[in-house]
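J.:
6 protein chains.
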Amino acid sequence: MRIWVINPNTTQAMTDTIAKCAATVAGPDVIVSGVTSEIGPESIESHYDEALSVPGVLRAVQRGEREGVDGYVIACFGDPGLDAAREVAAGPVIGIAEAAMQAASHLGTGFSIVTTLARTIGQSAHLTERYGMQRFCRGIHACEIPVLDLDTDPNARKVITEACREAIEADHSDAVVLGCAGMADMCGEISAELGVPVVDGVTAATLTVQSLLTMGLRTSKRGEYATPPVKRYLPGVAPAG
Amino acid sequence: MRIWVINPNTTQAMTDTIAKCAATVAGPDVIVSGVTSEIGPESIESHYDEALSVPGVLRAVQRGEREGVDGYVIACFGDPGLDAAREVAAGPVIGIAEAAMQAASHLGTGFSIVTTLARTIGQSAHLTERYGMQRFCRGIHACEIPVLDLDTDPNARKVITEACREAIEADHSDAVVLGCAGMADMCGEISAELGVPVVDGVTAATLTVQSLLTMGLRTSKRGEYATPPVKRYLPGVAPAG
Amino acid sequence: MRIWVINPNTTQAMTDTIAKCAATVAGPDVIVSGVTSEIGPESIESHYDEALSVPGVLRAVQRGEREGVDGYVIACFGDPGLDAAREVAAGPVIGIAEAAMQAASHLGTGFSIVTTLARTIGQSAHLTERYGMQRFCRGIHACEIPVLDLDTDPNARKVITEACREAIEADHSDAVVLGCAGMADMCGEISAELGVPVVDGVTAATLTVQSLLTMGLRTSKRGEYATPPVKRYLPGVAPAG
Amino acid sequence: MRIWVINPNTTQAMTDTIAKCAATVAGPDVIVSGVTSEIGPESIESHYDEALSVPGVLRAVQRGEREGVDGYVIACFGDPGLDAAREVAAGPVIGIAEAAMQAASHLGTGFSIVTTLARTIGQSAHLTERYGMQRFCRGIHACEIPVLDLDTDPNARKVITEACREAIEADHSDAVVLGCAGMADMCGEISAELGVPVVDGVTAATLTVQSLLTMGLRTSKRGEYATPPVKRYLPGVAPAG
Amino acid sequence: MRIWVINPNTTQAMTDTIAKCAATVAGPDVIVSGVTSEIGPESIESHYDEALSVPGVLRAVQRGEREGVDGYVIACFGDPGLDAAREVAAGPVIGIAEAAMQAASHLGTGFSIVTTLARTIGQSAHLTERYGMQRFCRGIHACEIPVLDLDTDPNARKVITEACREAIEADHSDAVVLGCAGMADMCGEISAELGVPVVDGVTAATLTVQSLLTMGLRTSKRGEYATPPVKRYLPGVAPAG
Amino acid sequence: MRIWVINPNTTQAMTDTIAKCAATVAGPDVIVSGVTSEIGPESIESHYDEALSVPGVLRAVQRGEREGVDGYVIACFGDPGLDAAREVAAGPVIGIAEAAMQAASHLGTGFSIVTTLARTIGQSAHLTERYGMQRFCRGIHACEIPVLDLDTDPNARKVITEACREAIEADHSDAVVLGCAGMADMCGEISAELGVPVVDGVTAATLTVQSLLTMGLRTSKRGEYATPPVKRYLPGVAPAG
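Chains as they are written, first to last, in the numbering used here: chain A, 739 to 979; chain B, 739 to 979; chain C, 739 to 979; chain D, 739 to 979; chain E, 739 to 979; chain F, 739 to 979.
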């Protein structure tokens with residue numbers, strides 16, 4: 739069973755972290771590979787960044803289809819390109835936001851999301867609605883650490899841990915969802931510190947793909963996720979077919 | 739890793755089917771056991787049945803806690819006693835309805851539920867709301883086969899398959915959720931017949947428990963799911979502590 | 739006209755208070771009786787307690803049906819067993835939460851609920867949704883007095899009154915709903931103190947049952963509340979029929 | 739205890755029917771009077787009619803306040819002027835739509851509304867939302883009999899009964915709400931014919947006012963329903979004070 | 739193209755301000771006239787006031803129809819009589835609340851409303867729901883300046899500007915909607931001061947009417963806004979026909 | 739005042755039609771230009787197509803910003819790239835779906851959308867939710883004519899007109915929204931045929947941009963639509979700054 743964890747930004751170091759986290763949880767018969775997007779922004783912190791990350795995500799999925807990959811994780815908390823990727827892929831495609839929120843919905847009656855920059859809160863809120871998770875999400879909070887500083891800022895973990903602590907107090911939450919793939923390796927530590935479950939979407943999404951594949955479930959091609967019609971594209975973008 | 743799949747009704751044959759399905763998908767390091775409720779109704783087809791099945795579910799979870807069980811599946815599509823079981827258990831407790839609906843939400847943009855008797859449609863509808871799955875569920879349909887006839891009625895599979903076919907047509911759905919634990923072993927066949935993903939909650943819930951345990955996630959004891967206060971109970975019901 | 743006010747916990751003193759309040763408002767041709775549950779917890783402060791109170795509620799309704807009772811009040815703010823009781827009873831069955839919230843919805847544009855322990859807030863919130871009262875309910879607040887201390891704690895009334903005052907300020911509410919049957923006799927006093935309507939569910943539910951009976955309205959047996967199918971139950975629980 | 743049942747249209751015959759129905763259910767210590775609006779339309783079948791009926795309703799309430807009336811029913815299914823009347827009155831004011839829908843919400847899990855002309859369906863739908871009753875209302879249907887023909891058309895009862903029958907079939911409902919005060923006296927007959935509860939708002943609202951008064955509950959003057967500020971009005975409309 | 743901007747209260751000075759603002763934005767081929775209601779309250783600050791303003795609005799629209807007016811603005815933030823006016827008018831009728839909120843929905847992801855008295859907040863909230871704008875409206879705030887003091891109170895602009903500043907901070911909004919026609923001429927100043935878009939409904943509604951007329955769009959007479967049936971009205975109110 | 743109407747697909751003939759419609763309604767002081775996307779698909783009929791059209795839309799807006807364009811219309815009914823374009827542009831950016839639905843919301847109480855292929859219905863449904871227009875949209879229907887055949891298929895108008903007729907019957911709607919920019923020039927004809935308002939988004943959006951500019955309203959740069967942070971992009975995509 740082969741699963742690709744696609745990093746929608748172009749920063750290889752982040753892919754490495756993500757892939758390592760994903761591999762830790764995957765079953766013995768699963769080969770997890772991290773894939774870095776080849777086009778687009780080095781990090782995703784705006785609608786503009788997100789929009790421009792999607793062609794790279796789709797190109798990665800198309801390559802995966804040619805290579806016989808069984809399922810995909812889109813490892814950015816905005817779940818960029820999810821619908822389009824499902825049209826292109828035969829197997830399951832899971833975003834880390836949907837997987838993390840669904841996992842958290844089983845652990846308590848309300849969770850808080852702690853994300854990077856405040857300007858991305860709107861997109862997280864949109865996703866809580868899209869996935870029906872509004873009723874579980876009690877608040878979305880920013881730690882105001884840019885994505886690419888998560889790894890290099892020596893205070894990052896402490897700042898994020900404090901943001902999580904304040905979030906569960908303010909929201910009367912009983913769990914936390916980390917709102918960025920770049921935080922994937924912080925879960926255990928923050929959870930130990932705060933005494934509540936802390937969910938990372940990279941591992942959650944990897945296990946969701948693995949579970950769907952184990953059950954023999956693939957993307958439905960009957961309706962909206964049918965393979966897109968082949969057509970002419972202006973330079974540089976390959977057709978889906 | 740030990741997971742108990744609790745059958746909330748008292749029919750052992752149904753437990754056997756359920757346990758077999760669950761074991762098929764569980765990972766190599768997971769021991770899955772089917773547990774039949776010791777008190778309550780032989781099948782669950784009304785609010786009355788469901789209410790009276792809950793003490794048996796809770797008694798099973800309490801026994802599991804004493805025996806060091808890691809997580810639980812409640813294997814009836816009404817997810818009876820889910821909140822109370824989460825208060826009692828330290829590890830994750832997952833209902834088959836929530837797991838099945840969440841799985842289906844990844845495979846298309848809208849699913850249909852096919853359940854047993856029409857009088858249970860209301861409870862399924864209630865659960866779609868509770869889990870935020872209303873936006874994915876396009877219809878709930880009854881095949882009007884009583885739970886205990888699923889195994890014995892020679893036409894059951896055919897009737898259910900036709901009900902699924904009609905449901906996806908009527909609802910413009912692209913996936914099906916089977917609305918009874920007793921249908922757990924019919925997924926593959928119906929899916930092959932209809933060409934759309936068909937989701938069974940028993941396997942979905944088992945893998946959800948396994949995934950949460952793999953990620954080290956347990957029920958939050960900070961809020962509503964904290965251990966219930968110990969108190970005096972009148973005859974026959976053991977306290978939670 | 740005979741109405742039973744069922745106390746879902748096993749504490750007789752609480753039944754006495756409830757029955758007295760109910761009798762105060764009932765019409766001259768109405769016989770109101772308080773009935774204490776014979777099995778289950780001494781008070782209801784968790785999902786676990788609530789789940790284990792339901793069999794006792796249903797047993798009481800079944801006894802009432804045999805004795806020709808016309809209608810029932812379930813006198814615990816979680817409205818435990820409401821759906822199942824409606825399946826069993828021919829006449830109307832009303833929970834105190836639904837009755838209190840509906841009454842309050844006529845008196846202003848938004849009410850606050852003041853309940854006992856914070857861990858029960860979730861269940862009250864669930865009921866506001868179930869009854870369509872979310873749009874009227876502006877907040878749910880706990881006074882953190884356990885149910886059985888309501889009667890004995892000399893400061894209870896004062897603490898609850900202050901909780902009500904803070905609730906209407908914080909929520910910009912114009913009415914209060916008391917979130918526990920054990921507070922039934924405090925309405926008048928708190929309302930006089932705060933200058934806003936304060937609603938108790940026990941009296942509200944008793945009058946709702948009385949009103950429905952006066953109009954000749956009984957539980958519909960056409961749909962989801964039809965009498966449950968008779969079936970085999972393991973020890974100690976009588977069938978519904 | 740004095741309750742005025744205000745007919746918002748100017749047709750005395752309709753007031754007579756309404757008042758008779760209300761009196762049938764009121765308690766022995768309650769004096770129910772029918773009051774016909776003195777200005778406005780002879781029947782209410784459009785937003786225009788409804789808007790122009792409101793000044794007459796308010797004038798009636800103002801007269802009632804001067805005469806010491808305890809509570810009011812607004813006896814038109816559009817509940818015209820409800821908010822404004824609550825600002826003017828000290829005691830409770832109840833619309834027949836809200837009372838009927840709340841009553842029906844206790845009797846089953848979903849009701850159908852059967853009203854007069856199709857062009858009023860929108861207003862009924864608006865009220866189901868306003869009162870939080872959308873989740874109980876499964877459909878709104880018109881019998882296309884004008885309000886003033888309800889009494890004179892010899893086929894009216896039969897046509898309405900058939901409309902009710904079709905509604906519960908089409909909507910899978912288990913109760914019916916009659917959507918016009920002019921249908922108040924048809925409940926029993928239709929219910930007997932169809933075997934489901936049929937709710938009339940006039941009796942329901944009268945009993946709701948009576949119940950609120952019995953509990954000592956009056957309109958909150960703390961918030962949005964505070965007495966309106968006195969001000970200058972151009973000819974013919976008396977100030978509220 | 740002739741557009742009437744109807745002031746639903748009877749204060750001519752306010753009509754003058756409103757008409758001036760409307761004229762500023764209207765296209766070269768548009769004749770905008772301010773029309774003062776001839777009956778009703780001098781200002782609208784309660785449900786009572788609003789209810790009694792509606793007959794004057796409808797009378798103005800009826801006069802406009804006789805004079806061949808093409809479209810109407812209802813220039814009070816409660817949008818009084820909107821549905822009824824649409825039944826009466828052939829051309830478009832737009833309320834300033836709906837127009838302002840729709841305009842603001844294009845400029846950011848969430849706006850705050852700043853209105854006059856706190857007691858009108860409920861009506862604004864109702865309108866955000868009616869128009870589907872709840873998801874854009876992050877808060878409604880009162881400056882507690884009565885409508886008729888907006889023009890005369892020398893501190894009005896400063897107080898309102900501060901209320902807007904506090905609103906966008908508290909609500910994390912990125913735009914402001916002014917919640918009273920009497921604030922129509924303050925937009926530019928407040929926007930310049932705060933650095934966010936500030937929307938006035940009078941200009942927004944005037945341009946919405948003008949745009950609809952430019953596109954040849956008029957009120958649909960197929961459904962709920964069909965011309966109301968002619969009927970007998972008691973003294974002083976002319977029939978619609 | 740300069741407005742660019744951006745065609746997100748690469749088909750120049752479609753741009754020509756769109757630009758012509760837009761120019762017809764624009765005011766005398768407005769210069770409207772049609773702009774064809776330089777990269778991406780020739781038509782947009784899937785999530786995949788839509789995702790790949792966004793970079794071209796953003797590139798067009800960036801060019802417009804350099805040339806001092808005042809506002810933009812995104813002329814595809816999926817409103818592709820709207821959030822990102824608002825981050826990039828200083829002036830207003832309007833999608834044709836939002837403009838059309840808002841216009842239709844003024845003309846009746848419920849509209850139907852008639853679009854091209856059934857597989858795009860999901861995206862239209864998503865937009866009705868995003869814009870708060872779900873309460874006005876009663877149905878979304880496909881005519882199953884591919885986008886590029888709208889111009890060439892001799893039966894297109896007839897087929898679409900019939901689809902509109904069936905939609906308003908089935909949905910009990912009183913207005914129609916055309917769900918594709920390629921239908922922009924069919925409004926008048928279909929409206930004349932069916933006797934209900936038919937709204938095209940291209941003209942509606944052009945007039946919305948014009949109206950916002952006339953009021954001096956521009957995209958708020960305070961919150962989510964602030965200029966995106968400058969960062970490194972891999973080949974071929976220019977940074978936003």
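The C-beta atom is built at its ideal place from N, Cα and C for all residues, glycine as well.
Just so you know, these numbers come straight off a predicted model, no measurement behind them.
Using beta carbons (cut-off 7 Å, strictly below), is residue 966 (chain F) in contact with chain A?
T.: If you number the sixth sequence from 1, residue 966 (chain F) lands on position 228. At least one chain A Cβ lies under 7 Å of residue 966 (chain F).
J.: Starting from residue 810 (chain C), trace the beta strand (DSSP E) in both directions and tell me its first and last residue.
T.: Against the third sequence, residue 810 (chain C) aligns to sequence position 72. Per DSSP, residue 810 (chain C) belongs to the beta strand (DSSP E) from 809–812.
J.: Determine the DSSP secondary structure at residue 979 (chain A), reduced to helix, strand or coil.
T.: Reading the first sequence from its first residue, position 241 is the one you call residue 979 (chain A). Because the pLDDT at residue 979 (chain A) is just 43, under 50, the model does not fix this residue reliably, and the value given afterwards should be weighed accordingly. Here residue 979 (chain A) sits in coil by DSSP.
J.: In angstroms with no decimal places, state the Cα-to-Cα distance between residue 809 (chain E) and residue 752 (chain D).
T.: Taking the fifth sequence and counting its residues from 1, the one referred to as residue 809 (chain E) is at position 71. Taking the fourth sequence and counting its residues from 1, the one referred to as residue 752 (chain D) is at position 14. Whole-angstrom Cα-Cα distance: 38 Å.
J.: When DSSP builds the beta bridges, which residues end up paired with residue 849 (chain E)?
T.: Looking up residue 849 (chain E) in the fifth sequence gives position 111. DSSP output for residue 849 (chain E) lists E:875, E:913 as bridge partner(s).
J.: By DSSP, does residue 880 (chain F) sit in helix, in strand, or in coil?
T.: Reading the sixth sequence from its first residue, position 142 is the one you call residue 880 (chain F). Residue 880 (chain F) falls in the strand class under three-state DSSP.
J.: Between residue 958 (chain A) and residue 849 (chain B), what straight-line distance do the alpha-carbon atoms span, to the nearest angstrom?
T.: For this step, residue 958 (chain A) is matched to residue 220 along the first sequence. For this step, residue 849 (chain B) is matched to residue 111 along the second sequence. Rounded to whole angstroms, residue 958 (chain A) to residue 849 (chain B) spans 10 Å at the Cα level.
J.: So, do the region 908–919 of chain F and the region 836–843 of chain F have three or more beta carbon pairs nearer to each other than 8 Å?
T.: At 8 Å Cβ cutoff, the stretches touch.
J.: Would residue 891 (chain F) and residue 883 (chain F) be called neighbours here (beta carbons separated by less than 7 Å)?
T.: For the purposes of this step, residue 891 (chain F) is taken as the residue at position 153 of the sixth sequence. For the purposes of this step, residue 883 (chain F) is taken as the residue at position 145 of the sixth sequence. Yes, Cβ-Cβ distance for residue 891 (chain F) and residue 883 (chain F) is below 7 Å.
J.: Does residue 928 (chain C) come within less than 7 Å of chain D when only Cβ atoms are used?
T.: Reading the third sequence from its first residue, position 190 is the one you call residue 928 (chain C). Taking Cβ atoms only, chain D never reaches closer than 7 Å to residue 928 (chain C), which makes this a no.
J.: Give the single residue among A:950, A:854, A:834 whose Cα lies nearest to the Cα of residue 819 (chain A).
T.: For this step, residue 819 (chain A) is matched to residue 81 along the first sequence. Checked all of A:950, A:854, A:834; the closest Cα to residue 819 (chain A) is A:834.
J.: In this structure, how does DSSP classify residue 960 (chain D) when only helix, strand and coil are distinguished?
T.: The sequence position of residue 960 (chain D) within the fourth sequence is 222, counting from 1. Here residue 960 (chain D) sits in coil by DSSP.
J.: Under three-state DSSP, which class holds residue 756 (chain C)?
T.: In the third sequence, residue 756 (chain C) corresponds to position 18, counting from 1. If DSSP states are grouped into helix, strand and coil, residue 756 (chain C) belongs with the helices.
J.: Helix, strand or coil for residue 971 (chain E)? Go by DSSP, reduced to three states.
T.: Counting from 1 along the fifth sequence, the entry for residue 971 (chain E) is found at position 233. Residue 971 (chain E) falls in the strand class under three-state DSSP.
J.: Compare the C-beta of residue 688 (chain D) with all C-beta atoms of chain C and state if any pair is closer than 7 Å.
T.: Outside the displayed range of chain D (739 to 979) lies residue 688 (chain D), so it cannot be described from this structure.
J.: Quick one: Cα of residue 740 (chain A) to Cα of residue 747 (chain F), how far?
T.: Against the first sequence, residue 740 (chain A) aligns to sequence position 2. Against the sixth sequence, residue 747 (chain F) aligns to sequence position 9. Distance between the alpha carbons of residue 740 (chain A) and residue 747 (chain F) is about 35 Å.
J.: Quick one: give me the first and last residue of the alpha helix (DSSP H) that residue 771 (chain C) is part of.
T.: Locating residue 771 (chain C) in the third sequence gives position 33, where the first residue counts as 1. That residue, residue 771 (chain C), is in no alpha helix (DSSP H); its beta strand (DSSP E) goes 769–774.
J.: Rounded to whole angstroms, what's the CA-CA distance from residue 977 (chain A) to residue 824 (chain A)? Just pull it up for me.
T.: Indexing the first sequence from 1 puts residue 977 (chain A) at position 239. Indexing the first sequence from 1 puts residue 824 (chain A) at position 86. Low local confidence applies: a pLDDT of 49 at residue 977 (chain A) is under 50, so the model's placement there is unreliable, with the coordinate-based value given in what follows. The alpha-carbon atoms of residue 977 (chain A) and residue 824 (chain A) are separated by roughly 15 Å.
J.: Can you name the residues of chain A whose CB is closer than 8 Å to the CB of residue 819 (chain F)?
T.: Here residue 819 (chain F) is taken as the residue at index 81 of the sixth sequence, counted from 1. 789, listed in chain order.
J.: Looking at residue 785 (chain F): is its Cβ nearer than 7 Å to the Cβ of residue 827 (chain A)?
T.: Reading the sixth sequence from its first residue, position 47 is the one you call residue 785 (chain F). Reading the first sequence from its first residue, position 89 is the one you call residue 827 (chain A). No, the Cβ-Cβ distance between residue 785 (chain F) and residue 827 (chain A) is not below 7 Å.
J.: Hey, residue 922 (chain A) and residue 941 (chain A) are a contact pair by Cβ (cut 8 Å); roughly how many whole angstroms apart?
T.: Within the first sequence, numbered from 1, the residue matching residue 922 (chain A) stands at position 184. Within the first sequence, numbered from 1, the residue matching residue 941 (chain A) stands at position 203. Their Cβ separation, rounded to whole angstroms, is 7 Å, which keeps residue 922 (chain A) and residue 941 (chain A) in contact under 8 Å.
J.: If you measure between the beta carbons of residue 972 (chain D) and residue 744 (chain E), is that distance less than 7 Å?
T.: Residue numbering aside, residue 972 (chain D) sits at position 234 when the fourth sequence is read from its first letter. Residue numbering aside, residue 744 (chain E) sits at position 6 when the fifth sequence is read from its first letter. Not closer than 7 Å, so no.
J.: How many Å lie between residue 961 (chain A) and residue 876 (chain D) at the Cα?
T.: Walking along the first sequence from the start, residue 961 (chain A) turns up at place 223. Walking along the fourth sequence from the start, residue 876 (chain D) turns up at place 138. Distance between the alpha carbons of residue 961 (chain A) and residue 876 (chain D) is about 28 Å.
J.: If we count the other Cβ atoms within 10 Å of its Cβ and call it buried at 16 or more, is residue 938 (chain F) buried or exposed?
T.: If you number the sixth sequence from 1, residue 938 (chain F) lands on position 200. Residue 938 (chain F) is buried by the Cβ-count criterion.
J.: What are the residues in the region 782–806 of chain B lying within 9 Å of chain C by C-beta distance?
T.: Under the 9 Å Cβ criterion, the region 782–806 of chain B contributes 783, 784, 785, 786, 787, 788, 789, 790, 792, 793, 794, 795, 796.
J.: How many Å lie between residue 799 (chain E) and residue 858 (chain E) at the Cα?
T.: Translated into positions along the fifth sequence, residue 799 (chain E) becomes position 61. Translated into positions along the fifth sequence, residue 858 (chain E) becomes position 120. Rounded to the nearest angstrom, the two C-alpha atoms are 25 Å apart.
J.: Smallest Cα separation from residue 756 (chain F): which of F:951, F:862, F:815, F:803?
T.: Position 18 of the sixth sequence, counted from the start, is the residue given in the question as residue 756 (chain F). Comparing Cα-Cα distances from residue 756 (chain F) to each of F:951, F:862, F:815, F:803, the minimum goes to F:815.
J.: Measuring only between beta-carbons, confirm whether residue 832 (chain F) sits less than 7 Å from chain E.
T.: Start at 1 with the first residue of the sixth sequence, and residue 832 (chain F) comes out as number 94. Yes - at least one Cβ of chain E is within 7 Å of the one on residue 832 (chain F).
J.: How about the region 962–970 of chain F and the region 788–799 of chain F: do they share at least three Cβ pairs that are nearer than 8 Å?
T.: no
J.: Return yes when the Cβ of residue 771 (chain A) is within less than 7 Å of the Cβ of residue 794 (chain A), no when it is not.
T.: If you number the first sequence from 1, residue 794 (chain A) lands on position 56. If you number the first sequence from 1, residue 771 (chain A) lands on position 33. It is not a contact, given that the beta carbons lie outside the stated cut-off.
J.: Go ahead and label residue 766 (chain A) buried or exposed: buried means 16 or more other beta carbons lie within 10 angstroms of its beta carbon, across all protein chains shown.
T.: Looking up residue 766 (chain A) in the first sequence gives position 28. Counting Cβ neighbours within 10 Å, residue 766 (chain A) comes out exposed, since fewer than 16 surround it.
J.: Since residue 804 (chain E) is in the alpha helix (DSSP H), which residue starts that stretch and which ends it?
T.: Counted from its first residue, the fifth sequence places residue 804 (chain E) at position 66. 785–804 is the extent of the alpha helix (DSSP H) around residue 804 (chain E).
J.: Using a Cβ-Cβ distance cut-off of 7 Å, determine whether residue 779 (chain F) contacts chain A.
T.: As a position in the sixth sequence, residue 779 (chain F) is number 41, starting the count at 1. Interface residue, yes.
J.: Using a Cβ-Cβ cutoff of less than 8 Å, which residues in the same chain neighbour residue 750 (chain B) once the five nearest sequence positions on both sides are dropped?
T.: Stepping through the second sequence from its first residue, residue 750 (chain B) is reached at position 12. Answer for residue 750 (chain B): 774, listed in chain order.
J.: Examine chain E for any beta-carbon lying closer than 7 Å to the beta-carbon of residue 870 (chain F), and answer yes or no.
T.: Counted from its first residue, the sixth sequence places residue 870 (chain F) at position 132. Taking Cβ atoms only, chain E reaches closer than 7 Å to residue 870 (chain F), which makes this a yes.
J.: Any C-beta of chain D sitting closer than 7 Å to the C-beta of residue 901 (chain E)?
T.: Locating residue 901 (chain E) in the fifth sequence gives position 163, counting from the first residue. In terms of beta-carbon proximity, residue 901 (chain E) stays away from the interface with chain D, with every pair separated by 7 Å or more.
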